[in-house]
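Asks: Letter by letter, the first sequence follows residues 812 to 1025 in our numbering.
Quick one: this structure, given as structure tokens, is what I'll be asking you about.
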Amino acid sequence: MHDWNLTPQQARELQQQLSLKVIREDRFTTPHFVAGVDVGFEDGGATTRAAVALLRFPSLELLEHSIARLPTRFPYLPGLLSFREIPAILEALKGLETAPDILLCDGQGLAHPRRFGLACHLGLITDTPSIGVAKSRLIGTHTELPAEKGAWVTLEDKGKIIGAVLRSRSNVNPLYISIGQRISLASAIHYTLACTTRYKLPETTRWAHRFASG
DNA sequence: GCGACAG
DNA sequence: ATCTTGTCGC
């Protein structure tokens, strides 16, 4: 795997190179295990704490989880989130006994300036199908979104579809879904909804967040 | 130059 | 992300 001690400019150049390796179509078999990934911070940001929650699919029962702590060594810079969070996430993934069939990541995938958000980066490194599930927008524009659960509209940038704005729960702010690696946008939306019950966030993300934060 | 800006 | 209680609305 590549080096993580990069300057912001080197990181951006690496993203442009790696973005060429992102596979935007379904390349996986029926999933039985889905995982949520999230990161939290301790010591006022000095320590990065990553958590991964593995759930059985489609029952969504929690099977196992893993937590890892690492010294924070990259600042938060819009567009470079993966360089700050992935090192700790990779450590947490090592602690799982079962390999996830799909990763639901807390952040963007293709809906990124250089089409290489955290979900693409993590999916590529682990060679695992991944989905970007962000709570807010990084880039892109979209039309009005109906208020009912299940409704979605495309998220576009420079005339290209880079993701979808999905209403995962009626009358609540939408989620920003995008391709991470080895999955189509249609499937990304499908699996995100399949992992969602009565709340805005998928159960995978909810569990991961509980383990990564409070 | 000004405003936007995943977590 | 994080610092933090009550409060408004379906």
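Beta carbons are placed, not taken as given, at the ideal position from N, Cα and C, and that holds for glycine.
Given the structure is predicted, the values throughout are model-derived calculations rather than measurements.
1) Examine the Cβ distances between the segment 831-838 and the segment 987-996 and report whether three or more of them are shorter than 8 Å.
2) Could you pull out every residue in the same chain whose Cβ sits closer than 6 Å to the Cβ of L929, ignoring the five residues on either side in sequence?
3) Which full runs of the alpha helix (DSSP H) of 4+ residues lie inside the segment 822-909, going along the chain?
4) Between W829 and L935, which are expected to be in contact by the criterion C-beta below 8 Å, what is the C-beta distance as a whole number of angstroms?
5) How would you call T840, buried or exposed, if buried means at least 16 neighbouring beta carbons within 10 angstroms?
6) How many whole angstroms separate the CB atoms of E872 and L865, which I take to be in contact at a CB cut-off of 8 Å?
7) What is the DSSP secondary structure of G974, counted as helix, strand or coil?
8) With H, G and I counted as helix, E and B as strand and the rest as coil, what does DSSP make of T1007?
9) Compute the Euclidean distance between the alpha carbons of L914 and R925, then round it to the nearest angstrom.
10) What number of angstroms, rounded off, separates the C-alpha of F844 from the C-alpha of F868?
11) How would you label T1008, buried or exposed, when you count the other beta carbons within 10 angstroms and need 16 or more for buried?
12) Could you check the C-alpha separation between P819 and Q826 for me, to the nearest Å?
13) Sort L1004, T965 and G970 by Cα distance to S979 and report the nearest one.
14) Could you spell out where the alpha helix (DSSP H) holding I913 opens and where it closes?
15) From this set, E908, G890 and D912, which residue's C-alpha is nearest L921's C-alpha?
16) Quick test of your reading: I897 and L933, contact by CB under 8 Å. State the CB separation rounded to the nearest angstrom.
17) Alpha carbon to alpha carbon, what distance is there between T909 and P882?
18) From E902 to A879, what distance separates their C-alpha atoms?
19) Hey, would you say L904 sits closer than 8 Å to V863, going by beta carbons?
Replies: Taking the definition as stated:
1) yes
2) Taking the first sequence and counting its residues from 1, the one referred to as residue 929 is at position 118. Cβ neighbours of L929 beyond the five flanking positions: L892, S893, C916 and G918.
3) 892-905
4) As a position in the first sequence, residue 829 is number 18, starting the count at 1. As a position in the first sequence, residue 935 is number 124, starting the count at 1. Note on identity: in this sequence residue 829 is Leu, with Trp being the wrong assignment. That belief holds up - the Cβ atoms of L829 and L935 are roughly 6 Å apart, short of 8 Å.
5) For the purposes of this step, residue 840 is taken as residue 29 along the first sequence, with counting starting at 1. Exposed is the call here.
6) One-based indexing of the first sequence puts residue 872 at position 61. One-based indexing of the first sequence puts residue 865 at position 54. Not really, about 10 Å apart at Cβ, beyond 8 Å.
7) As a first step, residue 974 must be located in the first sequence, where it is residue number 163. It is a strand residue.
8) One-based indexing of the first sequence puts residue 1007 at position 196. T1007 falls in the coil class under three-state DSSP.
9) Along the first sequence, one-based indexing puts residue 914 at 103. Along the first sequence, one-based indexing puts residue 925 at 114. Near 21 Å, if we compare the C-alpha coordinates of R925 and L914.
10) Residue mapping note: residue 844 aligns to position 33 of the first sequence, counting from 1. Residue mapping note: residue 868 aligns to position 57 of the first sequence, counting from 1. Approximately 5 Å, taken between the alpha carbons.
11) Stepping through the first sequence from its first residue, residue 1008 is reached at position 197. The residue in question, T1008, is exposed, as its Cβ has fewer than 16 Cβ neighbours within 10 Å.
12) Looking up residue 819 in the first sequence gives position 8. Looking up residue 826 in the first sequence gives position 15. C-alpha separation (whole angstroms): 11 Å.
13) On the first sequence, residue 979 is found 168 positions in, with the first residue counted as 1. Taking only the C-alpha atoms, the option nearest S979 is L1004.
14) Here residue 913 corresponds to residue number 102 of the first sequence, with the count starting at 1. Counting along the chain, I913 falls outside any alpha helix (DSSP H), though it belongs to the beta strand (DSSP E) covering I913 to C916.
15) The residue labelled residue 921 in the question sits at position 110 within the first sequence. If we check each option's Cα against that of L921, G890 comes out closest.
16) For the purposes of this step, residue 897 is taken as the residue at position 86 of the first sequence. For the purposes of this step, residue 933 is taken as the residue at position 122 of the first sequence. Correct: roughly 6 Å between the Cβ atoms.
17) Counting from one through the first sequence, the residue named residue 882 turns up at place 71. Counting from one through the first sequence, the residue named residue 909 turns up at place 98. Near 26 Å, if we compare the C-alpha coordinates of T909 and P882.
18) Against the first sequence, residue 902 aligns to sequence position 91. Against the first sequence, residue 879 aligns to sequence position 68. Going by the C-alpha atoms only, they are around 6 Å apart.
19) Against the first sequence, residue 904 aligns to sequence position 93. Against the first sequence, residue 863 aligns to sequence position 52. Contact: yes.
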